[in-house]
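Heads up, the thing below is written out as structure tokens.
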Amino acid sequence: MVNVVGACVASAAHAQAPSCIEDTRLTPVARAALVERSTTRLRDLAERHGLAAPSVRLWVGRGQPAGARALVRAWIADQQLDPRVCLASPVACERELCAAVVAPRSVRAFSLQLRENAGRPVIVATAELGSIRAQSAQLVALSPNGHTFSSPLDGAIPAGEPGRWRVQLVLDAGDGPRPWAQQSLEVASSGSVVVGRAAPPRGPVTDARTWLVELNRRRVAAGVAALRPAPLLLALAEERARDRASRADVAHVTEPGDEPDTRLAALGVRAERIAENIASAPTLEAAFDRLEQSAAHRRIRYEPTLDSVAIAVVPSTRVARSDRRGATEAAWYVVELYATRAALVTR
1 MVNVVGACVA SAAHAQAPSC IEDTRLTPVA RAALVERSTT RLRDLAERHG LAAPSVRLWV
61 GRGQPAGARA LVRAWIADQQ LDPRVCLASP VACERELCAA VVAPRSVRAF SLQLRENAGR
121 PVIVATAELG SIRAQSAQLV ALSPNGHTFS SPLDGAIPAG EPGRWRVQLV LDAGDGPRPW
181 AQQSLEVASS GSVVVGRAAP PRGPVTDART WLVELNRRRV AAGVAALRPA PLLLALAEER
241 ARDRASRADV AHVTEPGDEP DTRLAALGVR AERIAENIAS APTLEAAFDR LEQSAAHRRI
301 RYEPTLDSVA IAVVPSTRVA RSDRRGATEA AWYVVELYAT RAALVTR
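Quick note on numbering: the sequence shown equals residues 1 to 347 in our numbering.
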């Protein structure tokens, strides 16, 4: 939700209304909001700073910091958010433009513990929910080595890999599963048994179809639902793969307005969430493994709330990095464009 306002005066009642808890982890998100209006991208930025929230609400207005803070308090009161379970950023201002973001959450408490089960370490979680009535509650964990595990909230996740684990609480409040809280846990080396699924060996990857087959095989092995092909996303994925191949670049944004959600909106397609992976390598198998070995790309690949994907593969040539004479080498450029509930916009 984006709210853009001009200069106005907040009422005394609003100024005194209970506000959300201020959390400085949202400060870089508010600063980014001065130029970025995509709440999907701001939500992803909040997650990278340790805040998993189902959405991010954005306020943007003109004025000085003191007046902007009063307006933000009034706006938060109008949102009718439970002040016990919502987080607000400090107001960020640059010149005459100010911005603030709010991350509404309905999880009052979420904690992790390391226990033993049959002599093996497991992660268990406890959660206290606020006003939300969840139809299902699930834990999704990313291990230090990039393996993904899932379990019901009242279950346990095997934790044989030493290092830092990241665990999300995924709730379904009637509009599909979403991550609502996140915690990290450090697991010490056990010195003996290593619990957990080893990454399965890669199957043949020769085109976009077999790429999706292998990707879904790994998702299912990790306890995450398989992805559906997304025809609404395919044209854009193929266009972006061709563009990156022509540029010999794997950047997600090459110019203003090149964000995937912005491009899809221009095509009349909306989705609850959009994410993208881009890779380049001499072979498709190497490109697949490159994404699989990156924790940031695996986070997208094994995100339970993403339900569909379009995969585009484009062969190309590029200048070999190690050759100063400008000799070229074969390369493949691949775009994985993910979405949650993608649909055409009814006009």
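C-beta atoms are modelled at their ideal positions from N, C-alpha and C, and glycine is treated no differently.
- Annotated as proximal: V60 and C98, with beta-carbon spacing under 9 angstroms.
- DSSP places G163 within a strand segment (E or B) once states are collapsed to three.
- Secondary structure within the stretch 25-85: the beta strand (DSSP E) runs of 3 or more consecutive residues, fully enclosed, are 57-62 (chain order).
- Across the structure, P256 and R37 are spaced so that their CA atoms are roughly 12 angstroms apart.
- The beta carbon of A279 is closer than 7 angstroms to those of V250, A287, R290, L291 and V334 in its chain, skipping five residues each way along the sequence.
- Remark: C-beta atoms of A245 and V309 do not approach each other more closely than 9 angstroms.
- Residue environment for L142: buried (at least 16 other C-beta atoms within 10 angstroms of its C-beta).
- D289 is not bridged by DSSP to any residue.
- Counting C-beta atoms within 10 angstroms of its own C-beta, E303 has 16 or more neighbours from the protein chains shown and is therefore classed as buried.
- Our two residues, A156 and R166, have alpha carbons roughly 14 angstroms apart in a direct line.
- Take the alpha-carbon of S111 and the one of A181: they are about 10 angstroms apart.
- By the 16-neighbour rule on beta-carbons within 10 angstroms, R95 is exposed.
- The shortest C-alpha to C-alpha distance from L153 to any of G160, A137 and G146 is the one to A137.
- Judged by DSSP in its simplified three-state form, P179 adopts strand.
- If the five residues before and after C93 are omitted, its C-beta is found closer than 6 angstroms to the C-beta atoms of P65, all from its own chain and listed in chain order.
- Closest in C-alpha terms to T206, from the list L236, L284 and E239, comes L284.
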